[in-house]
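Participant:
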Amino acid sequence: MEKKEFKAESKRLLDLMINSIYTHKEIFIRELISNASDAIDKIYYKALTDTTLKFNKEDYYIKITPDKENRILKIFDTGIGMTKEELEENIGVIAKSGSFDFKKMNQLKDGYDIIGQFGVGFYSAFMVADTITVITKALGSDDSYKWESKGADGYTIEKCDKDSIGTEIILKLKENTDDENYDEYLEEYKLKEIVKKYSDFVRYPIKMDLTKHKPKEDSEGEYEEYIEEETVNSMIPIWRKNKNELTKEDYENFYKEKHYGFDKPVKYVHIKAEGMVRYNSILYIPENIPFDYYTKEYEKGLELYSNGVLIMDKCSELLPDYFSFVKGMVDSEDLSLNISREMLQHDRQLKLIAKNIKNKMKSELLGLLKNEREKYEKFYESFGRQLKYGVYSDFGNNKDVLQDLLMFYSSKEKKLVTLDEYISRMPEEQKYIYYATGDSIDRIEKLPQTEVVLDRGYEILYFTDDVDEFAIKMLMKYKDKEFKSVSSGDLGIESKENEDVGSVEEEDNKLFENMKTILSDKVKDVKASKRLKNHPVCLANEGDVSIEMEKVLSAMPNNQNVKADKILEINVNHDIFKSLKDAYEKDDKDKLDLYTNLLYNQALLIEGLPIDDPVEFTNNMCKVMI
Ligand code: ADP
Ligand code: MG
């Protein structure tokens, strides 16, 4: 007999399981059945390609047997089994399957979150059992092995006798406590209920010996017990069933059972396509962002089945990147079982399915937006960024799919609005869709550049996401209206007739020339502002790169030092302008220099841009005060 220790991470997870306060402990049954079903899938799949193997459907099943007297629960399968190496690899170390993330585990303290957020598989059995024994014989192997563990101490492995290929998991249940009843996992009715709830669609029979009653022969009114083996799951996969036979709960349970997520989906869609290509599909839009969603680790894709047999876990070809949050499965009779990843990419059928799915998701999302606004906003909060990335990264080619799904915060409504809503409210003379960019709504609201636009009663979209402005540059227009930043050089707003925009004289232009010389290449121009009402100064910009984009680009790892063309705008109606003029007229070079630099730095601060020399700036401020 060999004695081994668990790896460090496994030990920590084990501790969590053993001391778990998780209220749905019953899910350990779902986990063990799902492993058994995976193991049968493996042997089934092998038999399809290996002619020496015969797969008789009747030979493959899972059996659950409670033994009340000894407080033991057995889960038996005729799957592919495990070799000694596999036992150590797969059960000695947790979750190579990726269903669990160690980094995340460090951040969470009690077991509740862990089990709530990840599938934890085999180890979940330690929530209910003191000792777990695995007896297994692998396909193609002469030896069978017994693995046993009492938890954190480690495990033992020894040879044993098992005739048939497959695995048996034996759980010695914990003793009942004041608030936990482990005995119920030995009750037939309870086990049946749990199997129905979580594992009804498992494709192989899950059998149990059930106690039944029949009238006793010869004696009137008396009954006798007998035992009959029964298959307790319905086995028909949910996607083959008729939609009207299924309830919301069925779809939500399937979502959980499949580990698509541990939240409740915002939306599910069941497609039964009969046209050019035949397939069944169930798709979900999750409510919460998977913890790794915006990282490189996240893999998009749908489960792909060929006629009921899983051929791929995550078929990425089925989803465009901008819908990478969609979870679910596709089953088609028109796909070959032995199709390889490379072949899939060129498969005509698969391309058709992908196109259908894309269109379906688009219309579902539009429907959600139209009919269940609150839910859509929840969805958008999680995945809106991804849609905007979609617009940007495909150079606006997905405009048609995505533009109506976009939302931005509105100065008028103080909440998210669609572009269509914006357009429909535009006064007739308004030429552009105006937007302002900044780190937060609060900051944008205080931007001097918004003054004149708001003053006209025009709505402004607030862009607070890095990607917003980049995406909008790709769209260029929405329903023939161009987008315009409130900081752009020409706002396209005519000044009202009786409005005093401040008269700029020849002399003033010389002053601005002077200021420009002082600032040299820091700005492209210095001008009298047409947009400022109360604020003394702001930055505007010309050209394709905006100030916000400069910020985003310079924060990137390999930044190309792209700079926006900045224009310093001065409010000629502000008293500060008098001071500037005064200094200029008196030919006080030092003062003009000082004021110009101060104003420029103030404009940078308002934009949230770093000032070149903070020490000099503070010294200058002091000079003015003294
Ligand atoms: P996952 O199922 O996500 O891979 P688990 O912790 O549930 O993670 O199982 C770990 C691994 O142990 C499985 O991937 C599989 O290789 C192996 N395993 C577990 N149960 C069985 C079983 N009944 N038959 C064969 N292999 C099994
Ligand atoms: Mg598992």
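If you use the working numbering, the sequence shown corresponds to residues -9 to 616, in order. Glycine residues also receive a C-beta, built at the ideal position from the N, C-alpha and C atoms. No experiment lies behind these values; they were computed from the predicted model shown.
Taking 7 Å as the cut-off, does the CB of G69 come closer than this to any heavy atom belonging to the ligand MG?
Facilitator: no
Participant: Where the beta carbon is closer than 6 Å to any heavy atom of the ligand MG, which residues qualify, in chain order?
Facilitator: E21, S24, N25 and G111
Participant: With DSSP run on the structure shown, which of helix, strand or coil describes H336?
Facilitator: helix
Participant: Would you kindly check if the distance between the Cβ of K162 and the Cβ of I62 is under 8 Å?
Facilitator: yes
Participant: Is T157 a contact residue of the ligand ADP, with contact defined as CB to any heavy atom under 7 Å?
Facilitator: Relative to the non-hydrogen atoms of the ligand ADP, the Cβ of T157 comes within a distance shorter than 7 Å of at least one.
Participant: Evaluate V259 with the Cβ neighbour count: other Cβ atoms within 10 Å of its Cβ, from every protein chain shown; 16 or more gives buried, anything less gives exposed.
Facilitator: So V259 counts as buried.
Participant: Got a sec, what are the start and stop residues for the beta strand (DSSP E) P417 sits in?
Facilitator: Looking at the DSSP string, P417 is not in any beta strand (DSSP E), and its letter there is neither H nor E.
Participant: Start and end of the alpha helix (DSSP H) containing V535?
Facilitator: Counting along the chain, V535 falls outside any alpha helix (DSSP H), and DSSP gives it neither H nor E.
Participant: Any Cβ of chain D within less than 8 Å of the Cβ of K341?
Facilitator: Reference to chain D is not applicable here, since this structure consists of a single protein chain.
Participant: Please classify D515: does DSSP put it in a helix, a strand, or coil?
Facilitator: strand
Participant: Using 8 Å for Cβ pairs, my map puts L292 next to G265. What's the rounded Cβ distance?
Facilitator: Actually they do not touch by this definition, with Cβ atoms about 19 Å apart.
Participant: Which ranges would you report for the alpha helix (DSSP H) in the segment 189 to 277 if only whole runs of at least 4 residues count?
Facilitator: 238 to 247
Participant: Quick check for students: name the residue ranges of the beta strand (DSSP E) that lie wholly in the segment 397 to 469, counting only runs of 3 or more.
Facilitator: 397 to 400, 406 to 408, 423 to 427 and 450 to 453
Participant: Just to confirm before moving on: does the CB-CB distance between A29 and T157 stay below 8 Å?
Facilitator: The Cβ-Cβ distance between A29 and T157 falls below 8 Å.
Participant: Identify whether V527 lies in helix, strand or coil by the three-state DSSP scheme.
Facilitator: The three-state reading of DSSP puts V527 in strand, counting E and B together.
Participant: Using only alpha-carbon positions, find the residue among T586, K553 and N551 that is nearest to I566.
Facilitator: T586
Participant: Starting from I30, trace the alpha helix (DSSP H) in both directions and tell me its first and last residue.
Facilitator: I17 to T39
Participant: Around the Cβ of E449, are there at least 16 other Cβ atoms within 10 angstroms (buried) or fewer (exposed)?
Facilitator: buried
Participant: Among I54, Y34 and T39, whose alpha-carbon lies nearest the alpha-carbon of N46?
Facilitator: Y34
Participant: For P604, which residues from the same chain have a beta carbon less than 7 Å from its beta carbon, with the 5 sequence-adjacent residues on both sides left out?
Facilitator: none
Participant: Helix, strand or coil, according to DSSP, for Y283 in the structure here?
Facilitator: Three-state result, Y283: coil.
Participant: Between the alpha carbons of T42 and S131, how many angstroms are there, rounded?
Facilitator: 15 Å
Participant: What's the gap between the Cα of D208 and the Cα of V222?
Facilitator: 32 Å
Participant: Cβ of Y113 within 8 Å of Cβ of K74?
Facilitator: no
Participant: Which complete beta strand (DSSP E) runs does the segment 121 to 151 hold, if anything under 3 residues is left out?
Facilitator: 134 to 139 and 145 to 150
Participant: For the candidate residues K360, E472 and M7, whose alpha-carbon lies nearest to that of I413?
Facilitator: Considering only alpha carbons, the answer is E472.
Participant: So does the segment 333 to 344 actually touch the segment 404 to 421, counting three or more Cβ pairs closer than 8 Å?
Facilitator: No, they do not touch.
Participant: May I ask you to report which of helix, strand or coil DSSP gives V614?
Facilitator: helix
Participant: For a test of your reading of the model: does the CB of A37 fall under 7 Å from any non-hydrogen atom of the ligand ADP? Yes or no.
Facilitator: no
Participant: Exposed or buried, which one is D445 when buried takes at least 16 other CB atoms within 10 Å?
Facilitator: exposed
Participant: The beta strand (DSSP E) with L292 in it runs from where to where?
Facilitator: Its beta strand (DSSP E) spans residues L292 to S296.
Participant: Could you tell me if G357 is buried or exposed, where buried requires 16 or more neighbouring beta carbons within 10 angstroms of its beta carbon?
Facilitator: With fewer than 16 other Cβ atoms inside 10 Å of its own Cβ, G357 counts as exposed.
Participant: Which same chain residues, not among the five before or five after R433, have their C-beta less than 8 Å away from its C-beta?
Facilitator: G598
Participant: Inspect the CB distances between the segment 371 to 382 and the segment 455 to 465 and report whether three or more fall short of 8 Å.
Facilitator: Here the segment 371 to 382 makes contact with the segment 455 to 465; the two share three or more CB pairs at distances below 8 Å.
Participant: Can you list, in chain order, the residues of its chain whose CB lies under 6 Å from that of A37, leaving out five sequence neighbours each side?
Facilitator: Contacts found: L43 and F45.
Participant: Just the C-alpha distance for Y50 and K127, rounded to the nearest angstrom, thanks.
Facilitator: 15 Å
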